[in-house]
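Beneath this line is the structure, given in structure tokens, with notes to follow.
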Amino acid sequence: MENKTPTEASATKKTIHNPDVEKLMEELNGKAGTDVSLHEYEILLAKAKMLSEKLGDSTILEKAVISVGEKLIRIGADRDEGRNRNVRVRSLENALKLLFDFYGKQKNEQSISTAVLVLIARACYERSVLILSRQDKIMLEKKKRIIKKGIEFAKEVVFIESNNKEALRLHCILLLELEKIDKDDRDVSKLKEALSSAIQNGCKEFNEKAEDIEISLRFAEFVKKDGNDEPLSEKDIKSLTTIVGTNLHTENIELKKAKAYYLMGNKENDVKIVECMKTFAKKLESLSFSDPGWSKAARFVIELEKTGKDCWKKIALLVWEACKKRYEESTSVEHYWYFGHLMTHYYIADLAFAAQDDIEKKVEIADFLKSKILLHGQSLDDEAERFFEYNKDVRQQHFIKGLEMVYKTEKNRTSGANRRGFKEIPKDWVVIHFYLNKYETKGYAILAYKDRVWEIKEFPYVNLFEVFITWQTNYFVNKPKYSESTAIYLIELCKEIGRVMPFLFDVANKQVLFIAHDFLHRLPLHAAMKKNAANSIEEVFLKEHQCYYLPSWSFASKKDAPVDPKGRILFNGFSENEQAYIALSELKWEKCDDFEKILSPPELLIIGCHGKADVTSSFNSKLKRKEGDITLLKLLTSKMDINGSCVIMSVCEADLVPPLSGPLDEHLSFASAQLIKNAREILGGMWIICTEDIMEIINRINNCSHDNLDVGAELWHWQREKVEEGIRDYRNGVSTSIFRSVTFRIFGLPYKYDTSIAGVGISEKSIF
């Protein structure tokens, strides 16, 4: 039987010629199909049904249904960048409803044609493509159900017409779509059989059908694998040669050609693979982050690397550069999608990091990821729902506005002449850039010096993460108590940091700037402990090293002339009968009860109130006070001017970076929010802080004159004393003093004061 399109197949039935029927079909074919609702078509379908019954010709209604279905599917399958995704989804949902309704009625009468079955399979495939793999398990199950339903209809057609090319084609691409999301839910032998059958029955229209290219490539992969990397047959090589020579202009065609060259297996083809991927990487720069081309490119690089292809490094770096450029040119709304596909982009970055031989360029890759402003889509929706009750789009726009504000700050911080190079490191400091490469399951620490050769150290992080989770679990279960049962887990964490990062204790420089990554942001790296044979504490890192932290090097990139703020302001948000309120009130500082009133930067700002981090949604973190909570978003969007100020956050969990695990948004703790607003240094607590401890620190800092003010040095001197006491306590079976002292750390980078182990003094020139 000759293969025909769905409409042609249905037309083989004899239809009574009638002016009304011809007019109806003209109306149906006259619809532009740009965004026509099903309701508009229903009027015409009702006419078709009436004519079908009047003339006793069921093909009239069937042809009308197929015509409408094809138009709706065409809209849904339009992958043009400008096409609204919601319109595409709605069109495909309408197509499925129309076709399933018609199928259900006609099946009972046993008068359904294969054209309708093929169209249903096509609609199922196109709808499944629009269910993104980043979505939750419920949506993934929906995606699998739709794919399997499409497979059923395609198989039914193949059972009736074994050489129906469209049905064979759809059967294969649906199986391949299922394979992408669930490799366990596949039958390899049946997949190979389906691919082979499609090819044998003519699904080799490489100049017209992109799906045929996908089918032949996947089949060639199976053959190559089964042949233990032996050369492909002459027939297979001929198909691949035809693919690389196709003139078909469709999505990902350059990637498909690169795969074809790779499957041919000739060493000489490596250059051609790189050329194809260079063209494809250029195209990626204009694709949205939700486009599957990104994940396909990442999977191809992984395949090249695993099979030992030397060209994988060049291609990994090409794809990474495209990802970087796309991000730099995109909007914050697209960054929302970027986060949705973050694991794909992390793999791209991980591969590029592994491929890059230049240490400074490795740091650039790591820091670019750590500089990104990202929000998880679900957090965005949850927080908007919490504060607003009206239209969802309005709710989202509120939070996107906050995101855009942070994004603009980042753009100002990381671009233009202001950007500070990675080698512009403070004198006598070492900057330790961390990067966790998930692809390799390795941690890296790059020790960057101003006048020395940089060093790169590898370390395992899997067990460290497990110890971290144990500590965090016990902390959240037992807080707000300074209990031995909680503190002991923190000490075990600090010992584990020292165990997996022994290179820390070989650092000669006294001043250290940590730039962490992923869950390392939640670790007190400054409290890394070296243990002796008896498992007691032999050395604590901060005793010999003054430590600062930054979320990324981009926060140190500003090179403007330093400001010289004046005055000291106290924001006291505790209740009047609380010990902390009374202690802070003794400070003879200017009082302020509203951040919006701080319109010129003070030398020192104390923010005193209760804090509550949210380990699942950063925007839900709060500064708690009786007049009403201050959310992170409100702080970020306030008019508060703290440019060049030092900030002391007398707030529990002010520096707790969410979420608990997984890719982190490394910018949205309360401490880092002050950096976004250009504060110079922020002193904050990573977990619960004790009023007595923070007041000791504040009093030390308060006793410093304007000319000798150095928040970082004062904290360091206090911590050294307390940690020494804590080690003595630990030997006597008490560990809460260490718990209380190492919670504090400094975010920022001093640019005015020159600190050293001997003391504090004003520098005549920049420390860079």
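So that you can map any letter, position 400 of the sequence shown is 903 in this note's numbering, and since no number is skipped, the others follow by simple counting. Note that beta-carbon positions come from the ideal geometry of N, C-alpha and C, so glycine has one too. No experiment lies behind these values; they were computed from the predicted model shown.
Is it buried or exposed for residue i, if we count other Cβ within 10 angstroms and need 16 for buried?
{"i": "Ile1085", "result": "exposed"}
{"i": "Leu878", "result": "In this predicted model, Leu878 has a pLDDT of only 45, less than 50, meaning its place in the structure is not dependable; the value taken from the coordinates is given anyway. Buried, since its Cβ has 16 or more Cβ neighbours within 10 Å."}
{"i": "Met1276", "result": "A query on residue 1276 cannot be resolved here, the shown segment of the chain reaching from 504 to 1271 and no further."}
{"i": "Asn587", "result": "exposed"}
{"i": "Leu1102", "result": "exposed"}
{"i": "Phe1058", "result": "buried"}
{"i": "His752", "result": "exposed"}
{"i": "Arg1248", "result": "buried"}
{"i": "Arg1231", "result": "exposed"}
{"i": "Glu1089", "result": "exposed"}
{"i": "Ile1110", "result": "buried"}
{"i": "Ala1036", "result": "exposed"}
{"i": "Pro1068", "result": "buried"}
{"i": "Thr944", "result": "exposed"}
{"i": "Phe979", "result": "exposed"}
{"i": "Val774", "result": "exposed"}
{"i": "Phe662", "result": "exposed"}
With a cut-off of 8 Å on the beta carbons, I'd call residue i and residue j a contact; round off their distance for me.
{"i": "Ile576", "j": "Glu629", "result": "6 Å"}
{"i": "Gly1155", "j": "Ile1192", "result": "Just to set this straight, residue 1155 is Cys in the shown sequence, not Gly. Yes, they are in contact, since the Cβ atoms of Cys1155 and Ile1192 sit about 6 Å apart, within 8 Å."}
{"i": "Leu821", "j": "Ala784", "result": "4 Å"}
{"i": "Ala624", "j": "Leu694", "result": "Not quite, the Cβ-Cβ distance comes to about 16 Å (not below 8 Å), so this is no contact."}
{"i": "Ala763", "j": "Ile746", "result": "4 Å"}
{"i": "Lys799", "j": "Leu758", "result": "6 Å"}
Tell me residue i's beta-bridge partners as DSSP assigns them.
{"i": "Gly1251", "result": "Glu1184"}
{"i": "Ala948", "result": "Phe937, Lys960"}
{"i": "Gln1049", "result": "Gln1014"}
{"i": "Lys1034", "result": "Ile1040"}
{"i": "Lys1094", "result": "Leu1073"}
{"i": "Leu1126", "result": "Gly1114, Ile1133"}
Which of the three DSSP states is assigned to residue i in this structure?
{"i": "His752", "result": "coil"}
{"i": "Asn1075", "result": "strand"}
{"i": "His1113", "result": "strand"}
{"i": "Cys675", "result": "helix"}
{"i": "Cys1149", "result": "strand"}
{"i": "Ile1277", "result": "The shown model of the chain, from 504 to 1271, leaves out residue 1277, and the question about it has no answer."}
{"i": "Leu1107", "result": "strand"}
{"i": "Trp1190", "result": "coil"}
{"i": "Lys728", "result": "helix"}
{"i": "Ile615", "result": "coil"}
{"i": "Cys928", "result": "According to the sequence shown, residue 928 is Ile rather than Cys. Residue state, collapsed to three classes: coil."}
{"i": "Leu807", "result": "helix"}
{"i": "Glu629", "result": "helix"}
{"i": "Pro1054", "result": "coil"}
{"i": "Val1245", "result": "coil"}
{"i": "Phe792", "result": "coil"}
{"i": "Asp1009", "result": "helix"}
{"i": "Tyr942", "result": "coil"}
{"i": "Lys1225", "result": "helix"}
{"i": "Asn769", "result": "coil"}
Could you tell me whether the Cβ of residue i comes closer than 8 Å to any Cβ of chain C?
{"i": "Gly1215", "result": "The structure shown has no chain C; it contains just one protein chain."}
Tell me the rounded alpha-carbon separation between residue i and residue j.
{"i": "Gly1251", "j": "Ile862", "result": "24 Å"}
{"i": "Glu711", "j": "Lys873", "result": "43 Å"}
{"i": "Gln881", "j": "Lys1091", "result": "With a pLDDT of 43 at Gln881, under the threshold of 50, the modelled position of that residue is not reliable, and the figure given next carries that caveat. About 45 Å."}
{"i": "Ala1019", "j": "Leu1026", "result": "9 Å"}
{"i": "Lys1115", "j": "Gly1187", "result": "13 Å"}
{"i": "Arg1203", "j": "Asn1211", "result": "12 Å"}
{"i": "His936", "j": "Val866", "result": "7 Å"}
{"i": "Ile868", "j": "Ser1124", "result": "29 Å"}
{"i": "Gly469", "j": "Ala580", "result": "Limits of the chain in this structure are 504 at one end and 1271 at the other, which puts residue 469 out of reach."}
{"i": "Lys1033", "j": "Arg1223", "result": "16 Å"}
{"i": "Thr744", "j": "Leu766", "result": "10 Å"}
{"i": "Val590", "j": "Leu671", "result": "28 Å"}
{"i": "Val619", "j": "Val777", "result": "43 Å"}
{"i": "Arg721", "j": "Val592", "result": "28 Å"}
{"i": "Met1004", "j": "Pro1054", "result": "20 Å"}
{"i": "Glu714", "j": "Ile676", "result": "7 Å"}
{"i": "Glu682", "j": "Leu735", "result": "23 Å"}
{"i": "Trp815", "j": "Arg802", "result": "11 Å"}
{"i": "Asn704", "j": "Ser742", "result": "14 Å"}
{"i": "Ile1197", "j": "Ser1153", "result": "7 Å"}
Using 7 Å as the cut-off, classify the Cβ of residue i as near or not near the heavy atoms of the ligand ZN, replying yes or no.
{"i": "Lys1137", "result": "This structure simply doesn't include the ligand ZN, nor any ligand for that matter."}
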